[in-house]
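Following: one structure in structure tokens, then a few remarks.
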Amino acid sequence: MNALTVHAPVLLVAVPLLGAFATPLVGRFGRSARNVFVGSVILFTGALAGLMAAHVFGLGEPLVYVLGGADGFGVPLPSGMQVPVRILFEVDAMSAFMALITALVALAGTWYSFSYWRERSGGDLYHSLLLLLTAGIFGMELTGDMFNFFVFLEVTSIAACGLIGFRVWLKHSQEAGFKVMALYTLSGILVLLAVGLLYGEHGGLNIAYLASRVGGSLVDRIALGLLLTGLAMKAGAVPLHMWAPDAYGEAPAPTSAVLVANSQASLYGLFRILFTLYGATVSVGALGWILIAFALLTIAVGVTMALVQRDIKRLIAYSAVSQIGYMLLGVGVGLAVSVARPEFGRTAMHGGIFHMLNDAACIGLLFLASGAVIRASGTRDLNKMGGLAHRMGWTTGFFLIGALALAGVPPLNGFASKFLIYESSFRLSPILAVIAILASIMLLAVFVKVFQAAFLGPASREVGEASTGMLVPMAVLAVTVVILGLFPGFFIDRIVAPAASALWSGRDLYIRAILGG
Amino acid sequence: MKRSIVFVAFLFVGAFLLLAASSMRPFGAPPESAMDDYFIDNAQREVAANNVVTAVVFDYRGFDTLGEATVLFTAVVGVLALFRKTREDER
Amino acid sequence: MNVGNVPFVVAALLVVLGLYTFLFKRNLIKLVIGISLIETGVNLFLVALGYRTAGIAPIYTLAPAGRMVLPTPQALTLTSIVIGLATTALLLSFAVFVYRHYGTLDAGKIKELQG
Amino acid sequence: MNSGMSIIVRTVTRFVYGLVIIFGFYVIMHGHLTPGGGFQGGAVVASGFALLLVAFGAAGVKGRLNAHWLQTLEEVGALAFLALGLLGIGTAFFYNLLANGGGLFGAAAGSGPNTGVLNSGGTLPLMNWAVGLKVMTGIGSVVIVMLVAGREKEAE
Numbered sequence: 174m175n176a177l178t179v180h181a182p183v184l185l186v187a188v189p190l191l192g193a194f195a196t197p198l199v200g201r202f203g204r205s206a207r208n209v210f211v212g213s214v215i216l217f218t219g220a221l222a223g224l225m226a227a228h229v230f231g232l233g234e235p236l237v238y239v240l241g242g243a244d245g246f247g248v249p250l251p252s253g254m255q256v257p258v259r260i261l262f263e264v265d266a267m268s269a270f271m272a273l274i275t276a277l278v279a280l281a282g283t284w285y286s287f288s289y290w291r292e293r294s295g296g297d298l299y300h301s302l303l304l305l306l307t308a309g310i311f312g313m314e315l316t317g318d319m320f321n322f323f324v325f326l327e328v329t330s331i332a333a334c335g336l337i338g339f340r341v342w343l344k345h346s347q348e349a350g351f352k353v354m355a356l357y358t359l360s361g362i363l364v365l366l367a368v369g370l371l372y373g374e375h376g377g378l379n380i381a382y383l384a385s386r387v388g389g390s391l392v393d394r395i396a397l398g399l400l401l402t403g404l405a406m407k408a409g410a411v412p413l414h415m416w417a418p419d420a421y422g423e424a425p426a427p428t429s430a431v432l433v434a435n436s437q438a439s440l441y442g443l444f445r446i447l448f449t450l451y452g453a454t455v456s457v458g459a460l461g462w463i464l465i466a467f468a469l470l471t472i473a474v475g476v477t478m479a480l481v482q483r484d485i486k487r488l489i490a491y492s493a494v495s496q497i498g499y500m501l502l503g504v505g506v507g508l509a510v511s512v513a514r515p516e517f518g519r520t521a522m523h524g525g526i527f528h529m530l531n532d533a534a535c536i537g538l539l540f541l542a543s544g545a546v547i548r549a550s551g552t553r554d555l556n557k558m559g560g561l562a563h564r565m566g567w568t569t570g571f572f573l574i575g576a577l578a579l580a581g582v583p584p585l586n587g588f589a590s591k592f593l594i595y596e597s598s599f600r601l602s603p604i605l606a607v608i609a610i611l612a613s614i615m616l617l618a619v620f621v622k623v624f625q626a627a628f629l630g631p632a633s634r635e636v637g638e639a640s641t642g643m644l645v646p647m648a649v650l651a652v653t654v655v656i657l658g659l660f661p662g663f664f665i666d667r668i669v670a671p672a673a674s675a676l677w678s679g680r681d682l683y684i685r686a687i688l689g690g
Numbered sequence: 010m011k012r013s014i015v016f017v018a019f020l021f022v023g024a025f026l027l028l029a030a031s032s033m034r035p036f037g038a039p040p041e042s043a044m045d046d047y048f049i050d051n052a053q054r055e056v057a058a059n060n061v062v063t064a065v066v067f068d069y070r071g072f073d074t075l076g077e078a079t080v081l082f083t084a085v086v087g088v089l090a091l092f093r094k095t096r097e098d099e100r
Numbered sequence: 009m010n011v012g013n014v015p016f017v018v019a020a021l022l023v024v025l026g027l028y029t030f031l032f033k034r035n036l037i038k039l040v041i042g043i044s045l046i047e048t049g050v051n052l053f054l055v056a057l058g059y060r061t062a063g064i065a066p067i068y069t070l071a072p073a074g075r076m077v078l079p080t081p082q083a084l085t086l087t088s089i090v091i092g093l094a095t096t097a098l099l100l101s102f103a104v105f106v107y108r109h110y111g112t113l114d115a116g117k118i119k120e121l122q123g
Numbered sequence: 497m498n499s500g501m502s503i504i505v506r507t508v509t510r511f512v513y514g515l516v517i518i519f520g521f522y523v524i525m526h527g528h529l530t531p532g533g534g535f536q537g538g539a540v541v542a543s544g545f546a547l548l549l550v551a552f553g554a555a556g557v558k559g560r561l562n563a564h565w566l567q568t569l570e571e572v573g574a575l576a577f578l579a580l581g582l583l584g585i586g587t588a589f590f591y592n593l594l595a596n597g598g599g600l601f602g603a604a605a606g607s608g609p610n611t612g613v614l615n616s617g618g619t620l621p622l623m624n625w626a627v628g629l630k631v632m633t634g635i636g637s638v639v640i641v642m643l644v645a646g647r648e649k650e651a652e
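Protein chains in written order, with this note's numbering: chain B, 174 to 690; chain G, 10 to 100; chain E, 9 to 123; chain U, 497 to 652.
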């Protein structure tokens, strides 16, 4: 266990922050210096995420990092418990899994941005904001402190909105920026209010400490409601999804991919609160059914709205919303049956959590490919595109892989996780599975339409293939999609199952790692 | 129609908030203060600072403050990015 | 209803006022004011959580005798004030650019992004 | 170009803005002893900048306040704060290396109510300065950028 492994959790946040603070300074020395700097920062971050994940998956219990002190971070109480006084990072298998997803998407997005933003103004500030967004997402996923979670939530909100409105010459991007910022702020305030209530009631801010103290009191229930509303809003679950298509649709293409990771980090916060913070107190069955209801609504609304879009970015944005529904469905089924029939609840959890990784890879791929498509055809309107397959062979192939994976066609990765969800939700109630499968088929129809409109047909104008700098990140994601689809068992055993059990049955471990006993 | 639904929802949420606030624990008597008493008792010894709030802000919860500084930095970068000089071919 | 709870009720009242402004005003600047009001209410709530009856400020420099109030809520409030400032700055910048593009600040007329 | 306000406002500003800025520096410097700190003091200094801008207009302070330089200083402040956090990485991130160390800001603080020792607090005063620099320049540059943008629009 060397020093780098010990400090990996905090360095995962500190290194991108350092990069973000220094990027505008380094940018004074020219674009290539900046690209080399940002590239090495993000590569180092990715390596750290891998290192930390390997360590945590091998450890079998949460990794605790005390910020600002080595000796004794807690005050013993008369009752034998102790209150942590410092901010703690607590990384269990679920956090490490999320960090891997974020590292993958951030690497691809940043790499792609180098070419994508080459001809545009404000590149220094753009890359600074992208690194800030990445650092904030890592912070949300690794922290073990409620208020710290809120602070990083706000970092991601503001960085995301700065990026959404970055193309100031597009009037829709400014409208979207205002709208998204207002709703993000509202969701942040809900979370802050809940943190205040919990602090006022229990006198602590650490998640493990709060988890050992929350009961079914009125204040605790109000706090739970506020947290669920706020985080569901930030994750983009229907009926609080109104910001999501604007955000994904108006942001620059590589940013949309990272925004998906941001939504997933909020979803991670939601799961952490349901399973760890309130795991022992709430009536999980009823909550599971509420989650399932919202999941079905999200799937239905997302797919239906995707069906009627003519703008390629908004179409992908709505399909991204529908995928959030699949994750909620998997975890909701797991929550609903956790007491009664745990054997297929665990399968459902595997499906929901595996789908996070798969969704990040294939939605990210689709957004990157759509960026190349829009760049080449000069329009976002599907009716005005056509014939891109003639000249853009690679982009066409990558888009096809992403679309098929998203629609759940075997042998790609979307099928692997969706099959687990279908299987387990069928055993809970066949209707759930039927709705989920129907939505997938509709999604396939949507993408057949897109493919036909944008890539097939006669070549309408002279286009060139996307630059190598944009193709390589797409290739990385496409290879990830294919490998995840070909060897799902390997990944489920190695990384998904530990992550699922960290939520499902790891609550006691999570609390004991901090409070002892 | 939509407006009246929002108004009913608003009345509901507002009444709920006021009710929740009035049924909070009594003002001026925190039920659990072990963490804060630790700060008050030990800030001078551990951090060597007379101002306990500053000790909390920059030492015990220093990482929050880094996040807060980051938020401000992000907002400044965002505002500067919005008001930057764009290129002619972009407009 | 507990009379001693007036600070919490005032904080809730501020949040309700802000919510009203946010939901029923159409001017973008007024929306930002509404969000600021909600933030102020939450900040007031946070700082009220830490008060101890007849407490003094948690600063030892020339401190009078007495019990100190809790320092953590003050630190949290400081953080949340700065975050509120940051979001307000960004929201107002967006309002400026929305005005430049659309020529109006009326939220009812700026609704091109729907569906 | 019509910039700034009446002669009365400008004269008063000439007297006051230095005091405002010095008071801001005082609040930053004594952050570990008295109410205040980097954020509060930085905001006070930034309000001094805003006062100058309002009184003299964007054109009037063009030579003295430059958004470009303020932005650079802000990045330096943010980096300094992060570096102070990394200083203690031998033990843990944000470990207070200098407190009670006897050297710079290393004096003990005494216990119970006292008059305060300026040379105490370890990394706290340094962090206060870093954050203060960051906040005053950050808010200052935002105010300048917004004001200049508004004036440009009027002039067109």
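The C-beta atom is built at its ideal place from N, Cα and C for all residues, glycine as well.
Q. Opposite U/L529 in the DSSP bridges: which residues?
A. Looking at the DSSP output, U/L529 bridges to nothing.
Q: Closer than 9 Å by beta-carbon distance: list the chain U residues that pair up with B/H180, in chain order.
A: Per Cβ cutoff of 9 Å: I585, A588 and F589.
Q. Is there a Cβ from chain B that is less than 8 Å from the Cβ of G/A52?
A. Against chain B, the CB of G/A52 has no partner CB under 8 Å away; the residue lies outside that interface.
**Q.** chain B residues whose Cβ lies nearer than 7 Å to that of E/Y110
**A.** Within chain B, the residues near E/Y110 are K344.
Q) So with Cβ pairs under 8 Å, would you call B/V239 a contact of chain E? A) In terms of beta-carbon proximity, B/V239 stays away from the interface with chain E, with every pair separated by 8 Å or more.
Q: Using 10 angstroms around the beta-carbon of G/E97, count the other beta-carbons present and answer buried if the total reaches 16, otherwise exposed.
A: Counting Cβ neighbours within 10 Å, G/E97 comes out exposed, since fewer than 16 surround it.
Q.
Give me, in chain order, the residues of the same chain whose beta-carbon lies closer than 7 Å to that of U/Y591; leave out the 5 immediate sequence neighbours on both sides.
A. Within its own chain, the residues whose Cβ lies closer than 7 Å to the Cβ of U/Y591, once the five positions on either side in sequence are excluded, are G584, listed in chain order.
**Q.** Any C-beta of chain E under 8 Å from that of G/S13
**A.** Not an interface residue.
Q) Which two residues bound the contiguous beta strand (DSSP E) that contains B/V324? A) Boundaries around B/V324 are those of the alpha helix (DSSP H), M319 to I337, since no beta strand (DSSP E) includes it.
Q.
Between the alpha carbons of B/A562 and B/G575, how many angstroms are there, rounded?
A. Those two C-alpha atoms are separated by around 15 Å.
**Q.** chain G contact for E/P15 (CB, 8 Å cutoff)
**A.** Chain G, which has a Cβ nearer than 8 Å to the Cβ of E/P15, makes this yes.
**Q.** Opening and closing residue of the alpha helix (DSSP H) in which U/L600 lies
**A.** Neither: U/L600 is in no alpha helix (DSSP H) and is coded neither H nor E.
Q: Hey, could you find the ends of the alpha helix (DSSP H) B/F217 is sitting in?
A: Per DSSP, the unbroken alpha helix (DSSP H) holding B/F217 starts and ends at R204 to L232.
Q. Along chain B, in chain order, which residues have C-beta atoms closer than 8 Å to that of U/A574?
A. Within chain B, the residues placing a beta-carbon under 8 Å from that of U/A574 are F194, ordered along the chain.
Q: Please name the residue, chosen from B/L488, B/L611, B/F262 and B/Y595, that lies closest to B/A417 on a Cα-to-Cα basis.
A: B/A417 has its Cα closest to that of B/L488, out of B/L488, B/L611, B/F262 and B/Y595.
Q: Starting from B/V324, find everything on chain E with Cβ-Cβ shorter than 8 Å and list it in chain order.
A: Correct list: T87 and I91.
(Q) Taking its Cβ as the centre, do 16 or more other Cβ atoms sit within 10 Å of U/M501, making it buried, or is it exposed? (A) Classification of U/M501: exposed, given that the 10 Å Cβ count is below 16.
Q | chain G residues whose Cβ lies nearer than 8 Å to that of E/S101 | A | Simply G87, V88, L91 and F92.
**Q.** Whole-angstrom distance between B/Y382 and B/L185, CA atom to CA atom
**A.** Rounded to whole angstroms, the gap between the alpha carbons of B/L185 and B/Y382 is 24 Å.
Q | Under 9 Å from the C-beta of G/G71: neighbouring residues of chain E | A | Per Cβ cutoff of 9 Å: no residues; G/G71 is ~10 Å from chain E at best.
Q.
Distance check for E/I37 and U/E550, CA to CA, integer angstroms please.
A. Going by the sequence as given, residue 550 of chain U is Val instead of Glu. Approximately 21 Å, taken between the alpha carbons.
Q | Coarse secondary structure for B/L343, derived from DSSP in three states | A | Note: B/L343 maps to coil in three-state DSSP.
**Q.** Check whether U/S637 and U/L566 have beta carbons under 8 Å apart
**A.** Against a cut-off of 8 Å, the Cβ pair of U/L566 and U/S637 comes out as a contact.
Q.
Please report whether the beta-carbon of U/L549 lies at a distance below 8 Å from any beta-carbon of chain E.
A. Closer than 8 Å: no.
Q. From B/T196, B/S205 and B/I274, pick the residue whose C-alpha is nearest to that of B/T220; which is it?
A. The question names Thr, yet the displayed sequence has Ala at residue 220 of chain B. Looking from the CA of B/A220, the closest CA among B/T196, B/S205 and B/I274 belongs to B/I274.
Q | Pairwise C-alpha distance: B/L611 and B/V476 | A | Each residue's Cα considered, the two are about 10 Å apart.
Q. Checking contacts by CB at 8 Å: is U/A626 closer than that to chain E?
A. Not one chain E Cβ lies under 8 Å of U/A626.
Q | Option nearest B/V301 by Cα separation, candidates G/L91, G/G87, G/P39 and G/F92 | A | Note on residue identity: the sequence assigns Ser, not Val, to residue 301 of chain B. Comparing Cα positions, the closest option is G/G87.
Q: Measure from the alpha carbon of E/G111 to the alpha carbon of each residue in E/L98, E/I41, E/N35 and E/L99, then state which is nearest.
A: The residue with the shortest Cα to Cα distance from E/G111 is E/N35.
Q. Is the beta carbon of B/A695 less than 8 Å from the beta carbon of B/L343?
A. In the structure displayed, chain B extends from 174 to 690; residue 695 of chain B sits before or after that span and is not available.
Q) Which residues, in chain order, does the stretch 330-356 of chain B contribute to contact with chain E at a C-beta distance below 8 Å? A) Those residues of the stretch 330-356 of chain B that come within reach of chain E (Cβ to Cβ, closer than 8 Å) are S330, I331, C334, G335, G338, V341, K344, H345, Q347, E348, A349, G350, F351, K352, M354 and A355.
(Q) Between U/Q536 and chain G, is the shortest Cβ-Cβ distance under 8 Å, so that the two count as touching? (A) So no, U/Q536 is outside the interface.
Q | Within-8 Å CB hit, U/V638 to chain E | A | It does: the Cβ of U/V638 has a partner Cβ on chain E nearer than 8 Å.
Q. What residue from U/V631, U/L614 and U/H528 has the CA that sits closest to U/G538's CA?
A. In terms of Cα proximity to U/G538, the closest of U/V631, U/L614 and U/H528 is U/V631.
Q: Examine chain E for any beta-carbon lying closer than 8 Å to the beta-carbon of B/L371, and answer yes or no.
A: Cβ-Cβ to chain E under 8 Å: no for B/L371.
Q. By the criterion of Cβ-Cβ separation under 7 Å, what are the contact partners of G/T63 in chain U?
A. Around G/T63, the beta-carbon contacts reaching into chain U at under 7 Å are G527, H528, G533 and L620.
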